[in-house]
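Below is one structure, written out as structure tokens, with a few remarks after it.
Protein chains: 2
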Amino acid sequence: MIETPYLLFLGDAPDQLAAKVAIGIKDWRPENAVGQYRMDGCKADLGLTDMSLTEAKEAGAKTLVIGVANRGGVISQEWKKVLVMALEEGFDLASGLHNLLRDEPDLVAVAEATGRKLHDVRVPEVDYPIANGIKRKGKRCLGVGTDCSVGKMYTAMAMDAEMRKRGMKSTFRATGQTGILITGDGVPLDAVIADFMAGSIEWLTPDNDDDHWDLIEGQGSLFHVSFSGVTMALIHGGQPDALILCHEPTREHMRGLPTYQLPSLETLRDTALALAKVANPDCQVVGISVNTQHMSDEDATAYLAKLEADMGLPATDPFRFGAGKLVDALAAM
Amino acid sequence: MIETPYLLFLGDAPDQLAAKVAIGIKDWRPENAVGQYRMDGCKADLGLTDMSLTEAKEAGAKTLVIGVANRGGVISQEWKKVLVMALEEGFDLASGLHNLLRDEPDLVAVAEATGRKLHDVRVPEVDYPIANGIKRKGKRCLGVGTDCSVGKMYTAMAMDAEMRKRGMKSTFRATGQTGILITGDGVPLDAVIADFMAGSIEWLTPDNDDDHWDLIEGQGSLFHVSFSGVTMALIHGGQPDALILCHEPTREHMRGLPTYQLPSLETLRDTALALAKVANPDCQVVGISVNTQHMSDEDATAYLAKLEADMGLPATDPFRFGAGKLVDALAAM
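Heads up: the protein sequence lines correspond to chains W and H, in order. With our numbering applied, the first sequence closes on residue 333, and no number is skipped along the way. With our numbering applied, the second sequence closes on residue 1333, and no number is skipped along the way.
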């Protein structure tokens, strides 16, 4: 659990895209983003107040979050000067970088001396249990994709935001490093040891109010041979009541697997639902989330209308047209 | 990779059952078992020659394998005396115990001083790749179960033995600690990090001769919510050409999950085959392996005959009736 709110470290980002994680935090949890810290030459700008460490501390920031990708896979000396100062000012540090904060002896030494925490969100910080399969109270929704990276996190985030707006009880449950940094909490599922994957998702989505929805961030795809085991653990550990099918219609093959075709949405529906019913016999497929970013307005609208007619399910692109239809489907259950 | 042959350490085993791992080594790889080492009060006996460390060394043993479960989850001082002597005599140590050899500072210190290796087969020793899904040469067979612990390892071992007897090219591929200790090699899949599960199985079953069969040890079950992700990774990383359905007909519920029923063999067949075809469109279900240990001879025979008639597949209990029918099915492909 990362202490919020954050000061967002943009470092010497070469462009706006490099600050993707910081942008996600600002878009989805603006209340977590007190300000931004930019070094000389930084080409990213979130439109937040530029703050020194002292100013951010006074404004209540608890954690400096590295919201930018680093160059060349190393934490540079220029960055380190700021990170060390931040620890000495009383900030914890949080990072989703491949090269871990905990592998930098100087940062570890200063963190120990100052009593601050280093959060590497790619690495589990909890000893998860083995899943017990016992039915939990409250409701859970999971996005399952025809492929990896088709918008599953975005879909869950957008549904969570819409549900809060409507006064429904909901919690976004992060299962990847971006989601964990955005919300300050979650399970880095791709780094969990095999035997504990499903148990980590049970831990992440415990008993709750009968009318509360956990919106679980999906990962991988049952049809992506590199990561299908992770998806399977989400389906059985998550015990979903509702599945959202997630799809990107213009993709020509499975991500990173040039000889593998995407399954049809019908095949995804039938495969995922049958497996989900092992853990929750009442599970239903309730809607379709389509990433239409590579389609014209006209094509996207026509595609979604045809999908709705063909499959008898509400279909939308939550980024383009809002998550309302998907939330309506949950509300109707 | 553990150096063979072994001296099998039976310690102060309270009964024969406690030496299960040693029995597996002696049954399946007698050529790996030079002798047994028993301490005072040992109640297990494999019928191998009792040897001192020096005698075993002279007989060519390279590794002392802890073939017995320890009491109370700690490696006792009595055991340690022998283990330290073994390191000093030039043996590596190998263990599948939950408490790791590497967590014992005295064993680590002696191993470093003597240049010997400590193999904890529950812990991966390789940095596995992420699965790439590329089709590999040679053939692969995987056992998939209606539940955990229904005889998947035994089935693969028995088929491998039968195939060697017939002069067919085959390799048993261990994915659990017992199998790894028996053969000296394998992947401890339940301890692999999620993102690398399928890749570890690709690594375990590389390109091979066109007429060579890898007999991959199955794990878990697609229908066991605690471990289904592990099974999924085996199906997609293993790219099987042939699936063997494994079943124990008298079980009343899924192992450790009292409210979960076992699926039918038809459901297992259809679910596993559809998922396996994602990685290998030519995959076939070729036979059924039934653990009939809780059935009379008459009941077992009748049950298997009915299964064969109902499902149109060869069905046998490889422990009771041999693995011949299953190997016939592979040979006919």
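For each residue, glycine too, the CB sits at the ideal point set by N, CA and C.
First and last residue of the uninterrupted alpha helix (DSSP H) at residue i
i         : result
H:Ala1305 : Asp1297 to Met1311
H:Ser1095 : That residue, H:Ser1095, is in no alpha helix (DSSP H); its beta strand (DSSP E) goes Asp1092 to Ser1095.
H:Phe1009 : No alpha helix (DSSP H) contains H:Phe1009, which is instead part of the beta strand (DSSP E) from Tyr1006 to Gly1011.
H:Thr1267 : Leu1265 to Ala1279
W:Ile193  : Here W:Ile193 belongs to no alpha helix (DSSP H), and DSSP marks it neither H nor E.
W:Ala113  : Pro105 to Thr114
W:His236  : Ser228 to Gly238
Cβ pair residue i, residue j closer than 8 Å
i         : j         : result
W:Asp11   : W:Met39   : One detail in the question is off: residue 11 of chain W reads as Gly in this sequence, not Asp. Taking 8 Å as the Cβ cut-off, W:Gly11 and W:Met39 qualify as a contacting pair.
H:Pro1005 : H:Lys1057 : no
W:Cys283  : W:Pro240  : yes
H:Leu1257 : H:Val1225 : yes
H:Val1278 : H:Ala1329 : no
W:Ala233  : W:Met197  : yes
W:Gly218  : W:Lys139  : no
W:Ala191  : H:Ile1193 : yes
W:Val21   : W:Gly96   : yes
W:Arg251  : W:Leu262  : yes
W:Leu46   : W:Ala13   : no
W:Leu93   : W:Leu118  : yes
DSSP-derived helix/strand/coil call for residue i
i         : result
W:Gln334  : Nothing in the structure corresponds to residue 334 of chain W, since chain W is present only between 1 and 333.
W:Gln293  : coil
W:Lys43   : coil
W:Lys139  : strand
H:Arg1038 : strand
W:Ala198  : helix
H:Thr1171 : strand
W:Met159  : helix
H:His1098 : coil
H:Asp1050 : strand
W:Leu329  : One point to set straight first is that residue 329 of chain W is Ala, not Leu, in the sequence displayed. Reduced to three states, the DSSP call for W:Ala329 is helix.
W:Met153  : helix
H:Val1121 : coil
H:Ile1216 : strand
W:Gln16   : helix
W:Thr316  : strand
Any chain W beta carbon closer than 8 Å to residue i
i         : result
H:His1236 : yes
H:Ser1264 : no
H:Thr1250 : no
H:Tyr1128 : no
H:Ser1149 : no
H:Asp1207 : no
H:Tyr1037 : no
H:Val1074 : no
H:Asp946  : Residue 946 of chain H falls outside the range modelled here, since chain H spans only 1001 to 1333, and no answer is possible.
H:Ala1131 : yes
H:Ala1279 : yes
H:Tyr1006 : no
Length of the line joining the Cα atoms of residue i and residue j
i         : j         : result
W:Glu125  : H:Thr1146 : 33 Å
H:Leu1083 : H:Leu1107 : 8 Å
H:Ala1323 : H:Ala1242 : 15 Å
W:Leu48   : W:Gly60   : 15 Å
W:Asp207  : H:Leu1222 : 25 Å
H:Ala1300 : H:Ala1332 : 25 Å
H:Gly1186 : W:Pro314  : 47 Å
H:Thr1271 : H:Ser1264 : 11 Å
W:Lys80   : W:Arg71   : 14 Å
H:Met1001 : W:Lys26   : 49 Å
H:Ser1200 : H:Ile1180 : 14 Å
W:Ala112  : W:Leu7    : Note on identity: in this sequence residue 112 of chain W is Glu, with Ala being the wrong assignment. Going from the Cα of W:Glu112 to the Cα of W:Leu7 covers about 21 Å.
W:Ala276  : H:Lys1306 : 31 Å
H:Lys1169 : H:Ala1158 : 14 Å
W:His98   : W:Gly73   : 7 Å
Any C-beta of chain H under 8 Å from that of residue i
i        : result
W:Gly232 : Per the sequence shown, residue 232 of chain W should be read as Met rather than Gly. Chain H contact via Cβ: present.
W:Ile193 : yes
W:Met197 : yes
W:Ala274 : yes
W:Ile244 : no
W:Val187 : no
W:Phe321 : no
W:Gly218 : no
N- and C-terminal bounds of the beta strand (DSSP E) containing residue i
i         : result
W:Leu83   : Unbroken run through W:Leu83 is the alpha helix (DSSP H), Gln77 to Glu89; no beta strand (DSSP E).
H:Val1065 : Thr1063 to Ile1066
W:Ile244  : Ala242 to His247
Proximity test, residue i beta-carbon vs the ligand SAH heavy atom, cut-off 7 Å
i        : result
W:Pro318 : This structure does not include the ligand SAH; it has no bound ligands of any sort.
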